[in-house]
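Just so we're aligned, residue 1 is where the sequence shown starts under the UniProt record's numbering, counting upward by one.
Structure first, commentary second.
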Amino acid sequence: MPRYAQLVMGPAGSGKSTYCSTMVQHAESINRSVQVVNLDPAAEHFDYPVMADIRELIQVDDVMEDDSLRFGPNGGLVFCMEYFANNFDWLEESLGHVEDDYILFDCPGQIELYTHLPVMRQLVEQLQQWEFRVCGVFLVDSQFMVESFKFISGVMAALSAMVLLEIPQVNIMTKIDLLNPKAKKEIEKYLDPDMYSMMDDSSDVIRSTKFKKLTQAICGLIDDYSMVRFLPFDRTDEEGVNIVLQHIDFSIQYGEDLEFKEPKDLEEEPANENYDELFQDKVDS
Ligand SMILES: Nc1nc2c(ncn2[C@@H]2O[C@H](COP(=O)(O)OP(=O)(O)O)[C@@H](O)[C@H]2O)c(=O)[nH]1
Ligand SMILES: [Mg+2]
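As structure tokens, this is what we get:
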């Protein structure tokens with residue numbers, strides 16, 4: 001039986017930990033079991049129950065206080081992640097092996113993890129070896145995405161994770177509940193963007209023609225290949241959360257191997273007496 005994983009990524013403060021706890025609550029409400037592993041060695045606050053916590057393996061503070069290493073917060077985090085990559089047996093032990101398990105990995109926010117460092121890719125390959133089907137979930141804060149310029153850089157960040165990891169990826173705009181009605185309307189065009197018109201929006205802001213050409217080429221490439229799309233995530237909207245989960249499930253074919261269970265209300269419903277007649281009509285016609 002395959003196992004399922006979501007790699008929850010995105011810049012610091014984009015809402016990764018909140019996303020994980022919202023998903024756990026939602027899963028509970030629909031009778032599904034979803035577990036979370038904290039992979040952020042610098043995490044200070046999250047309110048989901050953890051199945052495993054990287055801080056049991058290594059802590060950023062300890063690394064920074066080490067006189068022989070002398071790392072700052074960023075270098076310390078990179079050191080922790082590299083240490084983690086060399087100690088995947090810790091993760092294997094913590095995960096155990098439950099049939100059909102579904103695990104969210106709450107990742108750190110350092111953008112270099114998604115641009116050029118090999119750790120996240122190594123993690124993906126390791127998980128795949130343990131029979132996980134992995135979906136990347138890339139979060140960006142909608143507050144920063146309501147202008148074309150910021151949007152293009154958000155798209156590039158998401159794209160960079162996609163290219164680095166080579167797994168299915170669902171991109172999400174978080175904190176939609178914080179947008180005012182006008183911004184909510186505005187954000188719609190960014191969810192399924194027409195990158196060419198995005199380019200026109202911002203064209204008078206860019207002065208250098210070379211830079212303009214480059215931005216045009218990037219927008220064109222993204223648009224032509226329909227590479228990046230976003231789903232809105234409002235943690236207060238149960239239905240919306242469910243839609244996001246369905247998209248992710250679909251991308252890793254969750255549930256395809258599960259046995260079909262008759263929904264309760266259908267079982268209780270009396271059989272349609274006319275069913276045979278209806279069926280007969282179909283056969284006759
Ligand atoms: N209103 C609102 N606040 C959010 C949402 N997601 C995250 N936040 C807030 O944004 C801050 C950062 O969120 P966190 O989940 O810790 O981000 P992380 O660094 O990516 O794990 C916290 O203060 C959260 O309460 C959301 O969907 N709506
Ligand atoms: Mg976090």
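All residues carry an ideal CB built from backbone N, CA and C; glycine is no exception.
Along the chain, where does the alpha helix (DSSP H) that runs through residue i open and close?
i: GLN129; result: 119-129
i: LEU139; result: That residue, LEU139, is in no alpha helix (DSSP H); its beta strand (DSSP E) goes 132-141.
i: PHE84; result: 73-85
i: ILE152; result: 148-165
i: ILE54; result: Unbroken run through ILE54: none, as it is neither H nor E.
i: GLU186; result: 181-191
i: LEU221; result: 209-224
i: TYR254; result: Here TYR254 belongs to no alpha helix (DSSP H), and DSSP marks it neither H nor E.
i: PHE88; result: 88-95
i: MET145; result: From DSSP, MET145 is part of no alpha helix (DSSP H); its letter is neither H nor E.
i: MET64; result: 60-65
i: THR18; result: 16-29
i: GLU112; result: 112-115
Tell me whether residue i is buried or exposed, calling it buried when 16 or more other Cβ atoms sit within 10 Å of its Cβ.
i: GLY154; result: buried
i: PRO270; result: Model confidence at PRO270 stands at a pLDDT of 48, short of 50, so the residue's coordinates are unreliable and nothing is read from them.
i: TYR225; result: exposed
i: PRO30; result: According to the sequence displayed, residue 30 carries Ile and not Pro. Its Cβ having fewer than 16 others within 10 Å, ILE30 is exposed.
i: MET1; result: exposed
i: PHE211; result: exposed
i: ASN272; result: In this prediction, ASN272 scores a pLDDT of 48, lower than 50, which makes its location untrustworthy; no coordinate-derived value is stated.
i: TYR275; result: With a pLDDT of only 46 at TYR275, under 50, the local geometry of the prediction cannot be trusted, and the value read off the model is given with reservation. When all chains shown are included, TYR275 counts as exposed.
i: PRO118; result: exposed
i: VAL283; result: Unreliable placement is indicated for VAL283, whose pLDDT of 49 sits below 50; the coordinate value is still reported in the next sentence. VAL283 should be labelled exposed.
i: SER197; result: exposed
i: ALA5; result: buried
i: PHE279; result: Because PHE279 sits at a pLDDT of 47, beneath the cut-off of 50, its placement in the model cannot be relied upon, and the following sentence gives the value as read from the coordinates. Exposed.
i: PRO193; result: buried
i: PHE151; result: buried
i: MET195; result: buried
i: SER285; result: A caution first: SER285 carries a pLDDT of 46, below 50, which makes its placement in the model unreliable, though a value can still be read off. Exposed, because fewer than 16 other Cβ atoms sit within 10 Å of the Cβ of SER285.
i: ARG207; result: exposed
i: ARG70; result: exposed
i: SER68; result: exposed
i: MET156; result: exposed
i: GLN98; result: Reading the sequence as shown, one finds Val at residue 98 and not Gln. Exposed.
i: THR215; result: buried
i: THR209; result: exposed
i: LYS185; result: exposed
i: LYS213; result: exposed
Do the CB positions of residue i and residue j come within less than 8 angstroms of each other?
i: VAL146; j: ILE103; result: no
i: ASP106; j: VAL8; result: yes
i: GLY75; j: SER14; result: no
i: SER94; j: ALA52; result: yes
i: ALA161; j: VAL228; result: no
i: ILE58; j: TYR83; result: yes
i: HIS26; j: VAL241; result: yes
i: TYR48; j: CYS20; result: yes
i: MET173; j: PHE138; result: no
i: ALA85; j: GLN122; result: yes
i: MET64; j: LEU245; result: no
i: GLN128; j: PHE88; result: no
i: residue 291; j: VAL140; result: This structure cannot speak to residue 291, because the chain is shown only from 1 to 285.
i: ASP101; j: ARG3; result: yes
Along the chain, where does the beta strand (DSSP E) that runs through residue i open and close?
i: SER171; result: In the sequence under discussion, the amino acid at residue 171 is Asn, which differs from the Ser named in the question. ASN171 -> beta strand (DSSP E) spans 169-174.
i: MET9; result: 3-9
i: GLN35; result: 35-38
i: TYR102; result: 102-106
Check whether chain C comes within 8 angstroms of residue i, counting only Cβ atoms and requiring the distance to be less than that.
i: SER251; result: Within the model displayed, chain C is absent; a lone protein chain is all it includes.
Beta carbon of residue i: closer than 7 angstroms to some heavy atom of ligand 3?
i: SER14; result: In the structure on display, ligand 3 does not appear, and the ligands it does have are ligand 1 and ligand 2.
Query - Cβ contact (3+ pairs, closer than 8 angstroms) linking the segment 132-145 and the segment 31-38 - result: no
Report task. Would you be able to state if there are at least three C-beta pairs under 8 angstroms between the segment 38-46 and the segment 157-169? Result -> no
Query raised in the report: Counting pairs of beta carbons, one from the segment 229-236 and one from the segment 173-180, are three or more of them closer than 8 angstroms?
Result: yes
Query - contact_flag[the segment 214-222, the segment 60-80] where n(CB pairs < 8 angstroms) is 3 or more - result: no
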